Amino acid sequence: MRHTSAIKFCLLFVIFSAVAVLAADDSVRYLSAQHLFVLDAGNVTYVVGVNERGELQHVYWGARLWRDEDLQPAHSDPGWASFDLTTMTTPQEYPGWGAGLSMEPSLKVTFPDGNRDLVLHYVSHLIKKDGLEITLKDIERPLFVHLQYTVYPGTGVIGRQATIENRAATPAFLESAQAAAWYLPLGDGYRLRYLTGRWGGEWQLNQEPIHTGLKVLESRRGSTSHQTNPWFAIDQDGNNDPESGPTWFGALAWSGSWRISVEQTPHLQVRVTGGYNPFDFSYKLSPGESLATPVFFAGYTGHGIGEASRLMHRFERAEILPAGSGLRTRPILYNSWEATEFNVDEAGQEALADKAASLGVERFVMDDGWFGQRNDDHAGLGDWSVNPHKFPHGLKPLIDHVKSLGMDFGLWVEPEMVNPDSDLYRKHPDWAMHFEGRPRSEGRNQLILNLARDDVKEYTFQWLDKLLSENDIAFLKWDYNRNFSEPGWPEAPADEQKEIWVRYTQNLYQILDRLREKHPQLEIESCSGGGGRVDLGILRRAEQVWTSDDTEAFDRLTIQDGFSYAYTPHIMMAWVTDVPNMNGRSVPLKYRFMVAMQGSLGIGANLNQWKPEDFEEAGTMIRYYKTIRNTVQNGRLYKLAAPENSNFAANEYVSEDGSQAVLFGFLHSQQFGRELPLLPLRGLDERAAYEIYPVEGKDSKAVELSGAYLMHHGLALALQGDYDAISLRLERTDRPPQK
Ligand code: GLA
């Protein structure tokens, strides 16, 4: 009997491996009869083809198709095309601006002779292990575009990037260089979701029907920006079920000025184009030079915005975050900013570290104020030597103390900035971004160093490298507190000065990459006056991000809800801070913890002012968080009730292996003694049983309920009054014993 099952198992295994090998081999293929390229990624199929004129056309993007025979060759011209130049109507995969194109071009070029007509035709292709490269060329000039496609079978996400290459003997001036144009199925009635905000109020979700015309999402600020984030999702307008319906989504990997344009043509073709922001853009491609665009990642699901977000979360953890960090969990950190602001010194920080360690905190981070003449935000940025009055023996005694408490040490830096009141600025005023002879606008009393200059880049790398080599620093909070103004670069030739928009960010990435390579243990948090620099480009170089300077827990519910449409809770730093906070609001400590425990937990309170009962409550919460953090940070998020829609909010997280689920519920203000409706959970196994534990410890008595009951009947949450909160931990009873 056993013998037979073993044979069956072996046979199955052989069949499965054969299928797996076939699928892997077949994930990217060229169908020569139809002149089509097919990319299969997870549950997604993406098809492009070359039409009879040699233009590369979009053919299909959506749920997985299984039969190549079904696929039709690329678009030929529709009958009415002669009224409406053909290139306006056919879905060109990467249109150059030429031949009468009236839609958003992917590439716009001016040649030195004044010619601005660019018509790109297919030249060749190369099938790779994890993708495809298709090369296009102008019909007359040696201007080439290499389109790179990378497929990620685990999530169905596809990455697209264009590299523009000038093989002529004269330069070409790029005026718009986009990564990709993505096409949705021809039709009407789509809805766009996107995220906007401002300082202290990032991550607001917007939703609106897509109408004929052009909607521009962008940053012209030199960085990702608080104002709009480079993420979009599109589904059917009017669909109220977050867990069903076709949904297309994507995000740009770029931390400089960017643009995503969402366009519906009069022929009801919806397309999304994204890449460098063409505003004030010019890039000189000298003979033999190339420019790569940012990567534009996009995906599809048939299971609504909920699944679209979960796919993004998984994709970010598996494919974007630095070296495996998405598979680990984040340490609980303490940050001194809200407790001490600029008023840091050795004794004060050590006292806070003692208290943080007693709570079970794992990383102690000293924020602003430790260097130069940095006593407030008017001076010191640029002078990155330890202030001798605050730290007479350098940072070592504090770091040793923190480490003796079992925590590692992190430090705040803002390397791209300079205060005019600093030794660095007095020595190198030309290093700050400026136009010659024009005023320099300050933001938070500071100017931006022109990182596009290689000497500034080198200087910045050197002092950071020295700081990290001389001190045992595990973590940097890398801040960036203002946006570009007067983006001049007078030292560069006039026709190259606008390259500052690209070269600044390229050099920033180089500094980060070099530092990470030289200091492989280093972890980084990307901060920009809160959540102003969160995108898939910086996330290749940062383990986590600062979500918002607004740490007020009720506001944070909405901020975190918006954030987690696009980005994984794994990277979403959420601190418990003191009250009254923003809006003059004071909510209970329990509520503040429950909100913060939905991301990567930090403590930012002034522990010197905490009472013994606060420490006790916080200790319980932190112990609880350690039992659930893997599920919160690396699991599947189900948004059960959004804070924007009612006075109740709830989120559920299910671990990837399904063995644990965690529920958080929040009541804003109860009225009329009304009880909350039953809350059906999601993502459980109907036939499994779950033991349900409250926060207060492993030993408290558990209730046991089936997945079916929890999902179809739902739970009655005992929430009452104002700002009440609850968290429950569900353990699947048949889970394998924990090692
Ligand atoms: C920014 C950050 C804060 C803090 C201050 C320090 O505002 O977002 O968290 O680090 O700078 O000056």
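Sequential numbering from 1 applies to the sequence shown in our numbering.
For glycine and all other residues, C-beta sits at the position ideal for the given N, C-alpha and C.
What you are looking at is a predicted structure, and each value in this text was computed from that prediction instead of being measured.
* So which residues put a beta carbon under 7 Å from any heavy atom of the ligand GLA, going in chain order? -> Output, sorted by chain position: Trp-337, Asp-367, Asp-368, Asp-377, Trp-412, Lys-477, Asp-479, Asn-481, Cys-527, Gly-529, Gly-530, Trp-546, Asp-549.
* Could you round the C-beta distance between Leu-515 and Leu-449 to whole angstroms and report it? I think they count as a contact, below 8 Å. => Here residue 515 is taken as the residue at index 515 of the sequence shown, counted from 1. Here residue 449 is taken as the residue at index 449 of the sequence shown, counted from 1. So it is not a contact: roughly 16 Å between Cβ atoms.
* **C-alpha gap between Asp-549 and Met-433, whole angstroms** => Residue 549 sits at position 549 when you count from the first residue of the sequence shown. Residue 433 sits at position 433 when you count from the first residue of the sequence shown. In a straight line, the C-alpha of Asp-549 is about 26 Å away from that of Met-433.
* Which of helix, strand or coil DSSP assigns to Gln-506 -> Translated into the one-based positions of the sequence shown, residue 506 becomes position 506. DSSP places Gln-506 in helix when its eight states are reduced to three.
* Starting from His-121, trace the beta strand (DSSP E) both ways and give me its first and last residue. => The residue you call residue 121 lines up with position 121 of the sequence shown. According to the DSSP assignment, His-121 belongs to the beta strand (DSSP E) that extends over 120-128.
* Could you say if the region 637-650 and the region 367-380 meet the contact criterion of at least three C-beta pairs nearer than 8 Å? => By the Cβ criterion, the region 637-650 is not in contact with the region 367-380, since fewer than three pairs of Cβ atoms, one from each stretch, lie closer than 8 Å.
* Near Leu-667, which residues of its chain fall below 6 Å by C-beta distance, leaving aside the five closest residues on each side in sequence? -> Here residue 667 corresponds to residue number 667 of the sequence shown, with the count starting at 1. If we look at Leu-667 and ignore the five residues flanking it on each side, its Cβ neighbours are Phe-648, Leu-719, Asp-724.
* **Simplified DSSP state of Ile-571, which is helix, strand or coil** => Position 571 of the sequence shown, counting from 1, holds the residue named residue 571. It is helical.
* For Ala-24, which of helix, strand or coil comes out of DSSP? -> For this step, residue 24 is matched to residue 24 along the sequence shown. Residue confidence for Ala-24 is low, a pLDDT of 43 falling below 50, so the modelled location carries little weight and cannot support an answer.
* To do: Return helix, strand or coil for Thr-558, following the three-state DSSP convention.
  => Taking the sequence shown and counting its residues from 1, one reaches residue 558 at position 558. Correct three-state label for Thr-558: helix.
* Asked: Can you list the alpha helix (DSSP H) stretches of 4 or more residues lying completely in the region 397-425, in chain order?
  -> none
* Given Val-386 as reference, the closest of Asn-606, Val-361, Leu-464 once Cα atoms are compared -> Counting from 1 along the sequence shown, the entry for residue 386 is found at position 386. Of Asn-606, Val-361, Leu-464, the residue nearest in Cα terms is Leu-464.
* Three or more C-beta pairs closer than 8 Å, one from the region 167-183 and one from the region 98-106: is that the case here? -> Touching, yes, given that three or more Cβ pairs across the two stretches are closer than 8 Å.
* To do: Rounded to whole angstroms, what's the CA-CA distance from Asn-343 to Gln-349? Just pull it up for me.
  => Position 343 of the sequence shown holds residue 343. Position 349 of the sequence shown holds residue 349. Going from the Cα of Asn-343 to the Cα of Gln-349 covers about 10 Å.
* Just confirm the distance between the C-beta atoms of Val-123 and Leu-136, as a whole number of angstroms; I'd bet it's less than 8 Å. => Here residue 123 corresponds to residue number 123 of the sequence shown, with the count starting at 1. Here residue 136 corresponds to residue number 136 of the sequence shown, with the count starting at 1. Right, their Cβ atoms sit about 6 Å apart.
* Asked: Cβ of Ile-524 within 8 Å of Cβ of Leu-539?
  -> As a working mapping, residue 524 is identified with position 524 in the sequence shown. As a working mapping, residue 539 is identified with position 539 in the sequence shown. With contacts defined by Cβ atoms closer than 8 Å, Ile-524 and Leu-539 do not form a contacting pair.
* Figure out for me which residue from Asp-614, Glu-552, Asp-188, Met-621 has the closest Cα to the Cα of Val-587. => Walking along the sequence shown from the start, residue 587 turns up at place 587. Closest option to Val-587, Cα to Cα, is Glu-552.
* **Burial state of Asp-734 (16 or more Cβ within 10 Å)** => One-based indexing of the sequence shown puts residue 734 at position 734. That one is exposed.
* Asked: Leaving out five residues before and five after Ala-351 in sequence, what residues of the same chain have Cβ atoms less than 8 Å from its Cβ?
  -> Position 351 of the sequence shown, counted from the start, is the residue given in the question as residue 351. Closer than 8 Å at the Cβ level, and outside the excluded window around Ala-351, lie Asn-608.
* **Distance, Phe-111 Cα to Tyr-283 Cα** => Within the sequence shown, residue 283 is the residue found at index 283, counting from 1. Within the sequence shown, residue 111 is the residue found at index 111, counting from 1. Cα to Cα, Tyr-283 sits roughly 12 Å from Phe-111.
* Would you call the region 449-463 and the region 394-401 touching, i.e. three or more CB-CB distances under 8 Å? -> no
* **Inter-stretch contact (C-beta, 8 Å, three-pair minimum) for the region 282-300 and the region 205-218** => no
* **Element boundaries [alpha helix (DSSP H), containing Pro-612]** => The residue labelled residue 612 in the question sits at position 612 within the sequence shown. First-last of the alpha helix (DSSP H) with Pro-612: 612-634.
* Per DSSP, which residues does Pro-209 bridge with? Please list them. => Looking up residue 209 in the sequence shown gives position 209. Pro-209 pairs with Arg-191.
* Asked: Could you check where the alpha helix (DSSP H) with Leu-101 kicks off and where it finishes?
  -> Here the question's residue 101 lines up with position 101 in the sequence shown. Element bounds for Leu-101: n/a, residue is neither H nor E.
* **Span separating the alpha-carbon of Ser-309 from that of Thr-170** => For the purposes of this step, residue 309 is taken as residue 309 along the sequence shown, with counting starting at 1. For the purposes of this step, residue 170 is taken as residue 170 along the sequence shown, with counting starting at 1. Those two C-alpha atoms are separated by around 46 Å.
* To do: Quickly, what does DSSP pair Arg-259 with across the bridge? List them, please.
  => Against the sequence shown, residue 259 aligns to sequence position 259. In DSSP, Arg-259 forms a bridge with Glu-218, Gly-275.
* Simplified DSSP assignment, three categories, for Asn-651 -> Residue mapping note: residue 651 aligns to position 651 of the sequence shown, counting from 1. Reduced to three states, the DSSP call for Asn-651 is strand.
* To do: Flag this pair as yes or no: are the beta carbons of Ala-605 and Glu-341 separated by less than 8 Å?
  => The residue given as residue 605 occupies position 605 in the sequence shown. The residue given as residue 341 occupies position 341 in the sequence shown. Result no, Cβ atoms of Ala-605 and Glu-341 do not sit closer than 8 Å.
* Distance between Arg-191 and Pro-73 (C-alpha atoms, nearest Å) -> Stepping through the sequence shown from its first residue, residue 73 is reached at position 73. Stepping through the sequence shown from its first residue, residue 191 is reached at position 191. So the two alpha carbons sit approximately 29 Å from each other.
* Under 6 Å Cβ to Cβ from Glu-263, same chain only, skipping five residues before and after it: list those, please. => As a first step, residue 263 must be located in the sequence shown, where it is residue number 263. Only Glu-104, Leu-214, Arg-271 meet the Cβ criterion.
* Straight-line gap, Asn-630 to Gly-49 (C-alpha atoms, nearest Å) -> Counting from 1 along the sequence shown, the entry for residue 630 is found at position 630. Counting from 1 along the sequence shown, the entry for residue 49 is found at position 49. Straight-line Cα distance between these residues: approximately 43 Å.
* Please check the pair Val-418 and Leu-451, which I expect to be a contact at CB under 8 Å, by giving their CB distance rounded to whole angstroms. => Indexing the sequence shown from 1 puts residue 418 at position 418. Indexing the sequence shown from 1 puts residue 451 at position 451. Actually they are not in contact, since the Cβ atoms of Val-418 and Leu-451 sit about 11 Å apart, beyond 8 Å.
* For chain C, find out if any of its Cβ atoms is closer than 8 Å to the Cβ of Glu-458; answer yes or no. => The structure shown contains no chain C; it is built from a single protein chain.
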